[in-house]
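Only one structure is covered here, and it is reproduced in the block below.
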Ligand code: ADP
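Residue numbers (our numbering): 5 to 638.
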């Protein structure tokens, strides 16, 4: 080893320390994955070199076949990985191996509970990466040089874990990175050719780059040690170029973990080759779990883009719509140019047609999953349902397909789980029912008990219960499914169409006529607070209800707009009362105008409360109610 200069000892960023703490205290029952993670990094580093060398061939420094070598020393208890990829400069090593750049990391770390079992589950969403070296090593050394830098610009990084790391400038003749793991006392089983070969076959067979191990060779007695020979132990071809029938599930799964930086298996995948006017291969995966940063604007999204098998860019976002940002995968095009840029991708019409084909592939894959593995699909929906709900607004062309993938809570299911599809809903619809009924609100408990559902309960009609913040907005983009239109049961003058018999309709008309006087009295009493007063035919148990005007904003939308500081147009509800309710009968017979007014206001406020709305003047409500209570008790 040559001399070390500019030696420094530096501390890790807090988040790195936390991550290391987890690693060191051995979260993993599955320790061997450290090798997969380091090989995955080495392969990424080679991809980067190959790509940068397209425009700067001098980076190859006279060539050398791109590869990864894994070796070991039983006596010294070390495992060494060496790649001739892009390498790191001193600054690179300080930032990449001393901090975590992912957005939202600090927030993520706050969620760690200290309970190893729970945390190991969470950490899977985060991706383990380089620091997993500390699962098996108590000291890790990295020798690296960035391609293109002078041999004197090498870096030696070394750390024993949580304390921090040392960094020095060294001479390194070859570009690339060598990582030396000094194995913990009880982890020396990894310094073994047979063991390493098995781990590589198991996890890294799909890596498109040769991974070499030293060839076992016995030196004859008295002979000099022969020069080391190496042999390739993995398949070393791009997995997506192979025919589907020849790729095993385990290979697809390991490849997913490599590209997605996930440590769990994916839920599903779709591997395709397109030939003809456009030629490309794609391999798309649905993860089993949402990444911790799914809702962060800057979170990585998009596919890995290859052009004729050469890696071109990560997170190519132009191939899928935003609502499918959780999909991971690879697309390898024969039509694009190797020096394609993000800006070009955004404008290229080739990309548009690839995007719509890939989008359809994903939706088909999800349909298949829903059909063949309903339990798995439930899990998918829990993780990604909220994001899928962005779909109808973003992707007009696939609106019906996306609607078919949506899942809702409904009055048909206890407990409020989102499991009902629109197709199922329609299959259960009542004879003559040509609408899809739904109710939106703040919480499941609130909508489940909403007076708006009374008539539906009476008639045995299912109503979808929508309580996600995004739901009202979603429904503004969905007007129909399978030719049946959606109806918000809290909106307008509920028309049950054929679901009401002629008799019921006639009776309702007669009642409405008979109560015209009462309608006028209430209108006068409530004045400005309402836009209309009418007799309700949707109530059985409650005295009154507030309906939203056909064109007015619902409560959720109003709250979202208000929260974002926008001015929301004032809209007044419609007051509907149940003429058969004893309180309304009492109201009808009330002689004192003052008491009539109080009671009307109380009924109005109660209807607002039942809808989960807040009162404009809660003190007035309490005053009026108490006045009545006092009168009652004398
Ligand atoms: P991730 O790979 O998810 O970014 P890691 O913690 O595994 O996170 O690695 C951190 C960074 O260190 C990588 O993004 C890369 O920039 C750098 N790095 C790791 N291993 C290598 C390597 N073998 N060659 C070059 N750079 C590397």
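Idealized CB from N, CA, C, for every residue including glycine.
| Asked | Found |
| --- | --- |
| Residue 574, DSSP secondary structure in three states | coil |
| The beta strand (DSSP E) enclosing residue 211, as first and last residue numbers | Element bounds for residue 211: n/a, residue is neither H nor E. |
| Within-7 Å CB hit, residue 367 to chain D | Considering every chain present, this structure includes no chain D. It has just one protein chain. |
| Residue 45 CB to nearest heavy atom of the ligand NAD below 6 Å | With respect to the ligand NAD, the structure shown offers nothing to examine, as its ligands consist of the ligand ADP. |
| Neighbourhood of residue 380 by C-beta distance below 8 Å, restricted to the same chain and skipping five residues each side | 271, 272 and 373 |
| Cβ contact (3+ pairs, closer than 8 Å) linking the stretch 538-554 and the stretch 607-624 | yes |
| DSSP bridge partner residues for residue 275 (one or two, in chain order) | 287 |
| Near the ligand ADP: residue 113 beta-carbon under 6 Å from a heavy atom | no |
| Integer-rounded CB distance, given that residue 150 should sit under 8 Å from residue 93 | 4 Å |
| Segment limits, beta strand (DSSP E) that includes residue 639 | An answer regarding residue 639 cannot be provided, because it is not within the stretch 5 to 638 covered by the chain. |
| Same chain, Cβ closer than 8 Å to residue 18, five either side skipped, listed in chain order | 110 and 113 |
| Cβ contact (3+ pairs, closer than 8 Å) linking the stretch 252-270 and the stretch 337-348 | no |
| Assumed close pair residue 24, residue 16 - CB separation to whole angstroms, cut-off 8 Å | 7 Å |
| Proximity test, residue 102 beta-carbon vs the ligand ADP heavy atom, cut-off 6 Å | no |
| Close Cβ partners of residue 22 (< 8 Å) along its chain, the five nearest in sequence each way excluded | 113 and 116 |
| For residue 159, three-class secondary structure by DSSP | strand |
| Any 3 or more C-beta pairs closer than 8 Å across the stretch 444-451 and the stretch 502-516 | no |
| C-alpha distance - residue 212 paired with residue 494, whole-angstrom precision | 58 Å |
| Other residues of its chain near residue 49: CB distance less than 8 Å, five sequence neighbours each side excluded | 87, 89, 90, 91, 180 and 181 |
| Stretch-stretch touch, CB-based, cutoff 8 Å, three pairs: the stretch 525-544 with the stretch 470-478 | no |
| Inter-residue Cα distance where the pair is residue 588 and residue 560 | 30 Å |
| Reference residue 391; option with closest CA among 411, 456 and 192 | 411 |
| Integer Cβ distance of residue 318 from residue 308, believed to fall under 8 Å | 6 Å |
| Contact check, residue 366 vs residue 406, beta carbons under 7 Å | no |
| Residue 11 burial status per 10 Å Cβ neighbour count (16 or more: buried) | exposed |
| Coarse secondary structure for residue 337, derived from DSSP in three states | strand |
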